[in-house]
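Beneath this line is the structure, given in structure tokens, with notes to follow.
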Amino acid sequence: MHGNIVYDLYYQSNVDTPYLEKELYQHTLQTSLEITIRDQYPLRVAFTTQRGNSALFRDITGLNLQYSNRDFKNALLLKAQKWEPGTLEEWGELAQLKQRIEERIKELNRLKRWKTSPSQIQMLVEARERELYGRLKDSLSARGSLMDSLQKYMPARDKADSVSDLLRERYAAAARQVDSLQQELVAWERLYQQKQQAFGARKQQLMTAIMNSRNNKELADSLATMNLPDTILPDGYRSLLAVRSVGIGRTMVDYSELTARNVTITGVQAEYNPSYYIAFATGAVDYRFRDFIVNENRVRQYLNIVRVGTGMKEGNNIILSFYTGKKQVYNFNTAPGNNITEAPDYKIMGVSLEGRWQLNKHNYIIGEAAKSSMPYYVRSAHDQGLGASMVSLNDHSNEAFAVTACSFIPATGTRISAMFKRMGANFQSFNLYTSGSAQTAWMVKADQPLFKQQLTLSGAVRQNVYTSVFENAAYRSNTIFKSIQATFRRKHWPVLSLGYFPSSQLMKLSEDKYVENLFYTLVATASHFYRYQGITMNTIFSGTKFYNHQTDSNFVYFNSTNLLLNQTVFLGKFTLNGGLSSAVNQDYALYGIDGSMQYKILTWLEIGGGIKYNYQTEYNLQQTGYSANARVNIPKIGEVALMADKGFVPGVDRQLVPNKTGRITYTKIF
Numbered sequence: 000m001h002g003n004i005v006y007d008l009y010y011q012s013n014v015d016t017p018y019l020e021k022e023l024y025q026h027t028l029q030t031s032l033e034i035t036i037r038d039q040y041p042l043r044v045a046f047t048t049q050r051g052n053s054a055l056f057r058d059i060t061g062l063n064l065q066y067s068n069r070d071f072k073n074a075l076l077l078k079a080q081k082w083e084p085g086t087l088e089e090w091g092e093l094a095q096l097k098q099r100i101e102e103r104i105k106e107l108n109r110l111k112r113w114k115t116s117p118s119q120i121q122m123l124v125e126a127r128e129r130e131l132y133g134r135l136k137d138s139l140s141a142r143g144s145l146m147d148s149l150q151k152y153m154p155a156r157d158k159a160d161s162v163s164d165l166l167r168e169r170y171a172a173a174a175r176q177v178d179s180l181q182q183e184l185v186a187w188e189r190l191y192q193q194k195q196q197a198f199g200a201r202k203q204q205l206m207t208a209i210m211n212s213r214n215n216k217e218l219a220d221s222l223a224t225m226n227l228p229d230t231i232l233p234d235g236y237r238s239l240l241a242v243r244s245v246g247i248g249r250t251m252v253d254y255s256e257l258t259a260r261n262v263t264i265t266g267v268q269a270e271y272n273p274s275y276y277i278a279f280a281t282g283a284v285d286y287r288f289r290d291f292i293v294n295e296n297r298v299r300q301y302l303n304i305v306r307v308g309t310g311m312k313e314g315n316n317i318i319l320s321f322y323t324g325k326k327q328v329y330n331f332n333t334a335p336g337n338n339i340t341e342a343p344d345y346k347i348m349g350v351s352l353e354g355r356w357q358l359n360k361h362n363y364i365i366g367e368a369a370k371s372s373m374p375y376y377v378r379s380a381h382d383q384g385l386g387a388s389m390v391s392l393n394d395h396s397n398e399a400f401a402v403t404a405c406s407f408i409p410a411t412g413t414r415i416s417a418m419f420k421r422m423g424a425n426f427q428s429f430n431l432y433t434s435g436s437a438q439t440a441w442m443v444k445a446d447q448p449l450f451k452q453q454l455t456l457s458g459a460v461r462q463n464v465y466t467s468v469f470e471n472a473a474y475r476s477n478t479i480f481k482s483i484q485a486t487f488r489r490k491h492w493p494v495l496s497l498g499y500f501p502s503s504q505l506m507k508l509s510e511d512k513y514v515e516n517l518f519y520t521l522v523a524t525a526s527h528f529y530r531y532q533g534i535t536m537n538t539i540f541s542g543t544k545f546y547n548h549q550t551d552s553n554f555v556y557f558n559s560t561n562l563l564l565n566q567t568v569f570l571g572k573f574t575l576n577g578g579l580s581s582a583v584n585q586d587y588a589l590y591g592i593d594g595s596m597q598y599k600i601l602t603w604l605e606i607g608g609g610i611k612y613n614y615q616t617e618y619n620l621q622q623t624g625y626s627a628n629a630r631v632n633i634p635k636i637g638e639v640a641l642m643a644d645k646g647f648v649p650g651v652d653r654q655l656v657p658n659k660t661g662r663i664t665y666t667k668i669f
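Be aware that the sequence shown starts at 0, since it is given in the working numbering, and climbs by one per residue.
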């Protein structure tokens with residue numbers, strides 16, 4: 000078991016506009032555990048609870064137990080990296096071969112040392128001298144006086160010849176043995192390398208199969224042919240790979256465009272895809288997308304969905320979905336009259352048919368058609384039941400269809416994705432905020448790398464891709480939003496980024512009325528990490544231009560141009576940071592300067608602090624703030640981090656009001 004525990008206490012004296020709250024506290028406790036059972040079966044456990052005194056944010060508690068074949072594949076990959084292929088018998092043979100090679104190397108070195116040893120060379124020299132002496136005596140045999148003088152050495156001649164012959168024979172035998180050992184050694188080393196390469200090829204084959212398989216069936220088929228040991232493949236590995244995910248507790252439902260997507264439930268969900276496809280989810284709806292931000296009074300909602308089909312999720316497939324449950328309808332003005340005494344019937348039901356066509360390795364298309372029950376106010380008007388309104392063929396206002404296409408062009412590295420969907424005025428699903436009017440949404444997005452992937456261009460055009468619950472009930476937008484971004488990366492150069500895209504701000508108008516304003520933002524950033532005269536530094540420059548008006552938003556610095564320059568210097572245990580900023584519009588300008596320092600006293604102790612200064616031209620205001628932090632890492636206990644900050648947030652009458660924040664965080668990793 001591995002994981003972490005984190006407790007965080009956050010305090011804020013003022014909340015930024017357009018919401019106005021003071022003296023807020025928020026407690027967050029969370030833990031994330033990675034559990035491996037019997038070194039084979041990975042599970043994840045996550046627990047989070049959040050409590051605070053804000054009227055805007057809900058208190059949230061969730062517990063989740065999760066299994067996914069992605070974690071199982073990662074576990075297989077880790078084992079593959081550590082795996083030494085081959086059976087015990089094969090490894091025994093390889094070890095014996097290695098031992099023989101080592102013994103032959105020792106014998107070869109011994110013989111070489113014997114041939115080149117000083118004593119052996121001296122014996123050969125002496126034998127040669129005796130041989131030469133014998134020849135000299137034969138050549139002088141006619142000279143009697145000399146023969147008489149050498150006669151006393153005659154008995155030694157035969158002995159010298161025999162010793163010389165013996166030494167030469169031994170030397171020649173040793174040389175022949177050296178040659179034989181060298182040839183034998185070369186053959187055995189070649190065999191050893193071949194066996195090692197075979198084992199390495201098996202290991203690489205396993206890693207390639209895990210990383211490059213297109214789906215779990217392809218991976219399972221590849222693993223079945225490798226004859227892997229139980230230490231790598233546990234019992235039931237095919238089923239474990241086929242289980243895409245199982246979640247109990249707070250879990251995410253993300254199935255299709257027209258049924259349920261980005262819906263968090265407290266319940267159970269599972270997906271199983273060996274060669275056919277089965278999925279289901281049931282539970283109480285916790286929140287959808289980002290509507291958890293606002294703590295409005297909502298009815299209890301729940302979701303039930305069953306999906307069956309054939310084919311692999313990543314390949315060609317056809318999937319039939321049936322969903323039912325309760326979902327709050329937000330367009331209250333469509334209700335017939337204002338004298339309703341009974342609670343509305345928020346139950347919904349629907350069916351969809353989805354198909355995926357994998358055209359080739361890099362291109363696919365997903366199409367889906369769906370039909371749902373009518374909203375309660377339409378059923379009441381026509382005296383229809385839930386199921387009857389869904390299967391009725393006379394009305395097409397409760398139908399929807401969607402098409403998604405993705406393409407990759409390897410020659411240019413281009414990625415293109417597109418989506419189009421059309422939803423009738425009475426269509427209902429857990430992926431749609433019912434508006435009471437027909438809706439059309441579409442999106443086209445492209446990513447293009449250039450100059451050997453040093454420059455990346457990303458662009459998108461969309462309409463109604465996200466419809467907010469906070470919009471008016473009969474609202475239908477015809478606005479087309481464009482976004483484009485360019486990023487340049489080159490070694491030893493600054494990273495440059497330029498983007499133009501829509502931004503959003505959520506505003507509270509009254510106790511139950513909200514509005515979301517959209518406007519464009521131009522952002523440019525340059526970041527450079529470098530060394531100068533042996534000192535490591537980082538420089539960041541950014542500029543932001545808001546294209547909005549005061550009538551569009553309560554954002555104080557509307558239609559403003561913001562510039563920021565930040566410099567960081569790393570000096571051993573010290574980190575120095577300084578910044579300059581400006582925000583200028585047609586009415587006034589705000590300028591700021593700040594500086595801070597971090598000091599790593601010990602490996603387990605770090606402190607820091609800073610000062611910030613603001614000057615606003617409209618009221619000639621000069622304001623000073625501060626920041627301080629500390630980090631203590633206590634062995635076997637964990638890390639405690641403290642933070643205090645006095646800054647400024649926009650207030651009424653174009654002024655900045657003080658905002659104090661504080662944080663205490665405890666972290667334990669195990």
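The beta carbon of each residue, even a glycine, is placed where N, CA and C say it ideally should be.
All figures in this text were calculated on a predicted structure; none of them were measured in a lab.
Quiz item: In this structure, what does DSSP give as the bridge partners for His527?
Solution: Looking at the DSSP output, His527 shares a beta bridge with Thr538.
Quiz prompt | Helix, strand or coil at Met0 according to DSSP, with G and I counted as helix | solution = coil
Practice problem: Could you check the C-alpha separation between Glu353 and Leu319 for me, to the nearest Å? | Solution: 6 Å
Self-check item: C-beta atoms of Thr455 and Thr486 nearer than 8 Å
Solution: In terms of Cβ geometry, Thr455 and Thr486 form a close pair [threshold 8 Å].
Quiz item: Quick one: Cα of Phe669 to Cα of Leu620, how far?
Solution: Taking C-alpha positions only, Phe669 is separated from Leu620 by approximately 49 Å.
Quiz item: Helix, strand or coil: which one does DSSP assign to Asn214?
Solution: coil
Practice problem: Confirm, please, whether the CB-CB distance from Ala278 to Gly266 is below 8 Å. | Solution: no
Quiz item: Just how far apart, CA to CA, sit Pro634 and Lys659?
Solution: 31 Å
Quiz item: If you draw a straight line from the alpha carbon of Gln80 to that of Phe407, how long is it in whole angstroms?
Solution: 30 Å
Quiz item: The beta strand (DSSP E) spanning Gln383 covers which residue range?
Solution: No residue range can be given for Gln383, since it is assigned to no beta strand (DSSP E) and is classified by DSSP as neither H nor E.
Practice problem: Compute the beta-carbon to beta-carbon distance between Gly609 and Ser626, rounded to the nearest angstrom, for a pair I have assumed lies under 8 Å. | Solution: 5 Å
Quiz prompt | Sub-8 Å separation of Gln462 and Trp441 beta-carbons | solution = In this structure, Gln462 places its C-beta atom within 8 Å of the C-beta atom of Trp441.
Exercise. Taking only the alpha-carbon atoms, compute the straight-line gap between Thr524 and Leu563 and give it to the nearest angstrom.
Key: 9 Å
Quiz item: Out of curiosity, what's the CA-to-CA distance linking Gln453 and Ser482?
Solution: 20 Å
Quiz prompt | Residue burial classification, Tyr254 (beta-carbon count within 10 angstroms, cutoff 16) | solution = buried
Quiz item: If you drop the 5 nearest sequence neighbours on each side, which residues of the same chain put their C-beta closer than 8 Å to that of Ile209?
Solution: Lys72, Leu75, Leu76, Ala79, Leu218
Exercise. Assign Met373 to buried or exposed, taking buried as 16 or more other Cβ atoms, counted over all protein chains shown, within 10 Å of its Cβ.
Key: With at least 16 other beta carbons inside 10 angstroms of its own, Met373 counts as buried.
Quiz item: When burial is assigned at 16 or more other CB atoms within 10 Å of the CB, is Tyr376 buried or exposed?
Solution: buried
Self-check item: Residue span of the alpha helix (DSSP H) that contains Tyr236, given as start and end
Solution: Element bounds for Tyr236: 236–241.
Practice problem: Flag this pair as yes or no: are the beta carbons of Ala437 and Leu257 separated by less than 8 Å? | Solution: Going by beta carbons, Ala437 and Leu257 fall outside the 8 Å limit.
Quiz item: What residue range is occupied by the uninterrupted beta strand (DSSP E) comprising Phe480?
Solution: Per DSSP, Phe480 belongs to the beta strand (DSSP E) from 480–487.
Quiz prompt | Coarse secondary structure for Val402, derived from DSSP in three states | solution = strand
Quiz item: If you draw a straight line from the alpha carbon of Gln427 to that of Ser351, how long is it in whole angstroms?
Solution: 12 Å
Quiz item: Quick one, are the C-beta atoms of Leu302 and Ile264 less than 8 Å apart?
Solution: yes
Self-check item: Beta-carbon proximity check, Leu64 vs Leu42, cutoff 8 Å
Solution: Contact: yes.
Quiz item: Between which two residues does the beta strand (DSSP E) harbouring Asn576 extend?
Solution: 573–583
Self-check item: Contact test: Gly324 Cβ vs the ligand COA heavy atom, cutoff 7 Å
Solution: The model depicted lacks the ligand COA and carries no ligand whatsoever.
Quiz item: Measuring CA to CA, which of Arg488, Tyr6, Leu23 is closest to Ser12?
Solution: Leu23
Exercise. Classify Ala684 as buried or exposed, calling it buried when 16 or more other Cβ atoms lie within 10 Å of its own Cβ.
Key: Only positions 0 to 669 of the chain appear in this structure, which leaves residue 684 out of reach.
Exercise. Output the distance between the C-alpha atoms of Phe500 and Thr439, rounded to the nearest integer angstrom.
Key: 21 Å
Self-check item: Glu101 versus Glu33: straight-line alpha-carbon distance, rounded
Solution: 45 Å
Exercise. With a cut-off of 8 Å on the beta carbons, I'd call Phe518 and Phe545 a contact; round off their distance for me.
Key: 7 Å
Quiz item: Is it the case that the Cβ atoms of Arg243 and Lys312 are separated by a distance below 8 Å?
Solution: Yes. Within cutoff.
Quiz item: Of the residues Thr664, Ala269, Val262, which one's Cα is nearest the Cα of Arg306?
Solution: Ala269
Quiz prompt | C-alpha gap between Gly542 and Glu617, whole angstroms | solution = 22 Å
Exercise. Measuring alpha carbon to alpha carbon, tell me which of Lys645, Ser53, Lys370 ends up nearest Pro657.
Key: Lys645
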